[in-house]
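Written out below as structure tokens is the structure these notes cover.
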Amino acid sequence: MILDFIKKDLQRHARDPVALILWAAIPLVVAILMRAAFGGSGGHVPQASLVIADQDGSFASQFLRGAFGQGPLAELVVVSEADSAHAVSLAADGKVSAALFIPRGFGSDYLAGKTPTLTLLKNPSETILPGIVEEAIAVLADGGFYLRELFGRPIRTIRGLSDAADARTDSVSNEITSEIQLPFQKASPYLFPPVVRVGTLQEASGAAQTRTFGFLTLFFPGILTMSMLFVGQALAVDVWSEHKLGTFRRLEVSPRGTRGLVLAKVLTSTLVLWMIFEILLMVGRYLFRVELERIHLAALYAAVCGFGVLAALHLVMVLARTENGGTVLCSLIVMPLVFLGGSFFPFETLSPTMRAVGLATPNGQILVQIKRIAFGDPLTPAVWITALGCVVVGSIIVWLASLQARRRFLGAS
Amino acid sequence: MIEVERLTKMYGDRLAVDGVSFTVRPGQIFGLLGPNGAGKTTTISCLSGLLHPTSGTVRINGHDVIHDGVKARASIGVVPQELAIYPEISARQNLEYWGAVQGLSGAELRDRIDPLLERVGLAGRAKEPVKSYSGGMKRRLNIAVGLIHDPKVLLMDEPTVGVDPQSRTHILGLIRERAEAGVAVLYTTHYMGEAETLCDQFAIIDHGKVIAEGNLEQLLERAGNVIQRASVPEPSLERLFIHLTGTELRE
């Protein structure tokens, strides 16, 4: 009987191809916009542009400027220098993500143990990239604090020597050497060898090694979870149409009754989602040239996980007293999940706190596993546990939704 | 056969149906008449198993609707007051679905659909989505859905509301045909002329109670007495109905 319910709903959806096209098109439009915004699939991870106005010119300020050119920060932030007025105008005109002002006396205040203030002017038209700069500066400030605590005295001595070259003596050199060496000696049991050794358990696949992680690559799997939520919400409304059409009551007076109707609706929605995921992933791979692998498995996996999300949305719809109430209630749940769960903002661009929050959302967890599949990474037990969890929890929710639908539409107890 | 004994239904403190009893035999068209809010739809809902009676019993073809609900419901064809069909899909797809809901499948289902579509005058447009149909066509499909499994009992709640005279004539002919085939029909309507020409047994219900019962002659005889007292020249079911239920507007 469930197959008859599914067949009927698929026929109904097939008779409304515009809705189907729109459901698939909305996330695609978002992807196209993102592609345009970030310069195509080959685009690199977006870089923040930072202009530094160094009014101090000291050893410490040079150290700060230099830090942006080191390691991972150099990949995230492109640094240029300008005088204060020019830096202000660059930030105001939106030509840089942020402008950093290092005030006069910064170096001496830093070495003297005072708390110097750096001023960061953020481009108001950007959100994520100025945030990256702000985070980076906060990390550097923390690093600067510990550096001063550990090596403040020898640094001050060296600085003093450079100002008075005649004072260089062997005793002073020995004193500086021993002051620098002492903290290292204390820390050496912990540092050499390291207490925790990091080992590579498994080599990444060839494709993964050569993959260029453009922004669209990071963003694209999120489109699947975005569709899961948006399309899921649109499909879940259909449970109310059974009530409005009077077909729920008519079905109840048949020998079969309404048992299985909600399950069939969730399964139908899952099938529709599967089809949309296949389309999206193929468009991503062949049209946008996003480096995606195992796309059929990824589409199927996303649909299976979507079963749980769809079940929850159906339950929310029938918990509400009216169709409009259900739609509003679903929106109140779906929108934060979309924003937090890595669909709009890839986890890679979020702060650690927000990333932790995002990963705690169901769609965030699903997204992580979809990425694992779509990027050709090893399929860990977490992949299958997540899918199984979605099916088990989804089944329980479907049962609850069925009971609630009878209560809501028939007044049954 | 429909057997209703002392059927009572309460919603909280409100008494919607108050000790109603009647019997509809095979081949009989039983008119359940009453103003809005009289308790007709509640009675039909109890008969179909949609509502549980507060007290009393309802048997369909000998099966108690509460204790033997599945068998009872298998004998019932329900034609609800509001359309209960899917507008996006075609008449054929609707009948396929509702037939499957009634447990029909394969050749048995296919063999029933074509004659039924022909009988309700929808064969020519059977593949078009229902939303493109006129009101009368939708009503006819709504009835066809109730007939797809060839039920022994037909519960029809104002099935001709809002249809043109041609469709109404067509629908009434279809109902007579079913009754002649031995189906027990419970029929509610607000059109007294329609009830006069269609039904062979009546119960007039108001405030949840049966206030008059019998065939047309018995009721008109009673109406004749009323006419004599009220000096009204032409006795009719409609005049009797108004006399019994009053002229006050109902919700």
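Protein sequences, first through last, are from chains A and B. Residue numbers for the first sequence follow the numbering used here, so the first one is 1 and each next one is one higher. Residue numbers for the second sequence follow the numbering used here, so the first one is 414 and each next one is one higher. We put the beta carbon where it would ideally sit given N, CA and C, even for glycine.
Next item on the list: Within its chain, find whatever has a CB closer than 8 Å to the CB of Leu657(B); leave out the 5 residues flanking it on each side and keep chain order.
Entry: As a first step, residue 657(B) is located in the second sequence; it is residue number 244 there, counting from the start. Counting only Cβ-Cβ distances below 8 Å, and skipping sequence neighbours, we find Ile617, Asp619, Ile624, Ala625.
Check: Which class does Asp431(B) belong to by DSSP, given the choice of helix, strand or coil?
Finding: Against the second sequence, residue 431(B) aligns to sequence position 18. DSSP places Asp431(B) in strand when its eight states are reduced to three.
Margin query: Considering only their Cβ atoms, is the gap separating Ala429(B) from Thr455(B) smaller than 8 Å?
Written below: By 1-based counting over the second sequence, the position of residue 455(B) is 42. By 1-based counting over the second sequence, the position of residue 429(B) is 16. Cβ atoms of Thr455(B) and Ala429(B): closer than 8 Å.
Check: Apart from the five residues just before and just after Ala401(A), which ones in its own chain have a Cβ nearer than 6 Å to its Cβ?
Finding: Taking the first residue of the first sequence as 1, we reach residue 401(A) at position 401. Excluding sequence neighbours, Ala401(A) sits near Val262, His314, Leu315, Val318.
Next item on the list: Determine whether the Cβ of Ser461(B) lies closer than 8 Å to any Cβ atom of chain A.
Entry: Indexing the second sequence from 1 puts residue 461(B) at position 48. Under the 8 Å criterion on CB atoms, Ser461(B) is classed as interfacial with respect to chain A.
Note to self: Strictly under 8 Å for the Cβ-Cβ distance: is Ile415(B) near chain A by that measure?
What the structure shows: One-based indexing of the second sequence puts residue 415(B) at position 2. Chain A contact via Cβ: absent.
Note to self: Let's see if you can read the secondary structure: which residues bound the alpha helix (DSSP H) around Met317(A)?
What the structure shows: To locate residue 317(A), count along the first sequence from 1; it is residue 317. Note, Met317(A): alpha helix (DSSP H), 295 to 319.
Item checked: Range covered by the beta strand (DSSP E) that runs through Arg419(B) -> Against the second sequence, residue 419(B) aligns to sequence position 6. Looking at the DSSP string, the run of the beta strand (DSSP E) that includes Arg419(B) is 415 to 424.
Next item on the list: Spell out a yes or no on whether the segment 359 to 367 of chain A and the segment 264 to 273 of chain A are touching, meaning 3 or more CB-CB pairs, one atom from each, closer than 8 Å.
Entry: no
Check: Beta carbon of Lys551(B), beta carbon of Val558(B): below 8 Å?
Finding: What you label residue 551(B) is simply residue 138 of the second sequence in a count that begins at 1. What you label residue 558(B) is simply residue 145 of the second sequence in a count that begins at 1. Cβ atoms of Lys551(B) and Val558(B): not closer than 8 Å.
Margin query: Quick check: the Cα distance between Glu175(A) and Ala36(A), rounded to an integer number of angstroms?
Written below: Mapped onto the first sequence, residue 175(A) falls at position 175. Mapped onto the first sequence, residue 36(A) falls at position 36. Our two residues, Glu175(A) and Ala36(A), have alpha carbons roughly 59 Å apart in a direct line.
Margin query: Give me, in chain order, the residues of the same chain whose beta-carbon lies closer than 7 Å to that of Leu337(A); leave out the 5 immediate sequence neighbours on both sides.
Written below: As a first step, residue 337(A) must be located in the first sequence, where it is residue number 337. Leu229, Thr361, Asn363, listed in sequence order.
Check: From this set, His480(B), Asn507(B), Gly447(B), Lys540(B), which residue's C-alpha is nearest Gly659(B)'s C-alpha?
Finding: Along the second sequence, one-based indexing puts residue 659(B) at 246. Distance check between Gly659(B) and each of His480(B), Asn507(B), Gly447(B), Lys540(B) places Gly447(B) closest, using alpha-carbon atoms only.
Margin query: Taking the beta strand (DSSP E) that Gly519(B) belongs to, which residues open and close that run?
Written below: Locating residue 519(B) in the second sequence gives position 106, counting from the first residue. From DSSP, Gly519(B) is part of no beta strand (DSSP E) but of the alpha helix (DSSP H) over 519 to 532.
Next item on the list: Confirm, please, whether the CB-CB distance from Leu460(B) to Ile415(B) is below 8 Å.
Entry: Numbered from its first residue, the second sequence carries residue 415(B) at position 2. Numbered from its first residue, the second sequence carries residue 460(B) at position 47. Leu460(B) sits close to Ile415(B), with the two beta carbons spaced by under 8 Å.
Notebook entry, point to check: What distance in whole Å lies between the Cβ atoms of Ile223(A) and Val78(A), which are believed to be in contact at a cut-off of 8 Å?
Noted result: Position 78 of the first sequence, counted from the first residue, corresponds to residue 78(A). Position 223 of the first sequence, counted from the first residue, corresponds to residue 223(A). Not a contact, Cβ separation roughly 28 Å.
Note to self: Beta carbons nearer than 8 Å to chain B: which residues of the segment 228 to 250 of chain A have them?
What the structure shows: Leu245, Gly246, Thr247, Arg249, Arg250
Notebook entry, point to check: Within 10 angstroms of its Cβ, does Ile21(A) collect 16 or more other Cβ (buried), or is it exposed?
Noted result: Working through the first sequence from its first residue, we reach residue 21(A) at position 21. Exposed.
Notebook entry, point to check: In this structure, does DSSP put Phe101(A) in helix, strand or coil?
Noted result: Working through the first sequence from its first residue, we reach residue 101(A) at position 101. Phe101(A) falls in the strand class under three-state DSSP.
Next item on the list: Determine the direct distance from the alpha carbon of Arg148(A) to that of Ser61(A), and round the result to whole angstroms.
Entry: Position 61 of the first sequence, counted from the first residue, corresponds to residue 61(A). Position 148 of the first sequence, counted from the first residue, corresponds to residue 148(A). Near 14 Å, if we compare the C-alpha coordinates of Arg148(A) and Ser61(A).
Next item on the list: Starting from the C-beta of Gly627(B), find all residues in its chain whose C-beta is less than 7 Å away, skip the five residues before and the five after it, and write them out in chain order.
Entry: Position 214 of the second sequence, counting from 1, holds the residue named residue 627(B). Phe615.
Check: DSSP state of Pro542(B), grouped into three classes?
Finding: Walking along the second sequence from the start, residue 542(B) turns up at place 129. Of the three classes helix, strand and coil, the one that applies to Pro542(B) here is strand, per DSSP.
Next item on the list: Quick one: give me the first and last residue of the alpha helix (DSSP H) that Glu590(B) is part of.
Entry: Residue numbering aside, residue 590(B) sits at position 177 when the second sequence is read from its first letter. Residues 578 to 593.
Notebook entry, point to check: Which residues in chain A sit within 7 Å of Val576(B), going by Cβ to Cβ distance?
Noted result: Position 163 of the second sequence, counted from the start, is the residue given in the question as residue 576(B). Those do not exist, as Val576(B) stays about 17 Å from chain A at its closest Cβ, beyond 7 Å.
Next item on the list: Throw me the rounded Cβ distance for the Leu445(B) and Thr601(B) pair, which I believe falls under 8 Å.
Entry: As a working mapping, residue 445(B) is identified with position 32 in the second sequence. As a working mapping, residue 601(B) is identified with position 188 in the second sequence. With 8 Å as the limit, Leu445(B) and Thr601(B) qualify as a contact, their Cβ atoms being about 5 Å apart.
Check: Is Ser458(B) closer than 8 Å to Ile473(B) when the C-beta atoms are compared?
Finding: Within the second sequence, the letter at position 60 stands for residue 473(B). Within the second sequence, the letter at position 45 stands for residue 458(B). No, the pair does not count as a contact, with Cβ atoms beyond the cut-off.
Check: Would Ser547(B) be called buried (16 or more neighbouring beta carbons within 10 Å of its own) or exposed?
Finding: Taking the first residue of the second sequence as position 1, residue 547(B) is located at position 134. Flag for Ser547(B) reads exposed.
Check: Which ranges does the alpha helix (DSSP H) cover as unbroken runs of at least 4 residues, wholly within the segment 320 to 373 of chain A, from first to last along the chain?
Finding: 323 to 340, 352 to 359
Item checked: Proximal residues of chain B, C-beta to C-beta of Val253(A) below 8 Å -> In the first sequence, residue 253(A) corresponds to position 253, counting from 1. The contacting residues are Ser461, Gly462, Leu463, Arg486, Ile489, Val491.
Next item on the list: Would you tell me roughly how many angstroms separate the C-alpha atoms of Phe344(A) and Ser331(A), rounded to the nearest one?
Entry: What you label residue 344(A) is simply residue 344 of the first sequence in a count that begins at 1. What you label residue 331(A) is simply residue 331 of the first sequence in a count that begins at 1. Rounded to the nearest angstrom, the two C-alpha atoms are 16 Å apart.
Check: Does the beta carbon of Arg259(A) come closer than 8 Å to any beta carbon on chain B?
Finding: Mapped onto the first sequence, residue 259(A) falls at position 259. With 8 Å as the cut-off, Arg259(A) does not count as an interface residue toward chain B.
Item checked: Which of helix, strand or coil DSSP assigns to Ile617(B) -> By one-based count along the second sequence, residue 617(B) stands at place 204. DSSP places Ile617(B) in strand when its eight states are reduced to three.
Note to self: Run through the DSSP bridge pairs and tell me what Phe443(B) is partnered with.
What the structure shows: Counting from one through the second sequence, the residue named residue 443(B) turns up at place 30. Phe443(B) is bridged to Leu599(B), Gln614(B).
Next item on the list: Quick one: which residues of the segment 6 to 18 of chain A get their C-beta closer than 7 Å to a C-beta of chain B? List them in chain order.
Entry: Lys8, Gln11, Arg12, Arg15, Asp16
Check: If you drop the 5 nearest sequence neighbours on each side, which residues of the same chain put their C-beta closer than 8 Å to that of Asp56(A)?
Finding: By one-based count along the first sequence, residue 56(A) stands at place 56. Excluding positions up to five away in sequence, the list reads Ile102, Pro103, Arg104, Gly105, Phe106, Gly107.
Next item on the list: Note down the Cα distance separating Asp83(A) from Phe339(A), rounded to an integer number of angstroms.
Entry: Along the first sequence, read from residue 1 onward, the residue named residue 83(A) stands at position 83. Along the first sequence, read from residue 1 onward, the residue named residue 339(A) stands at position 339. Straight-line Cα distance between these residues: approximately 38 Å.
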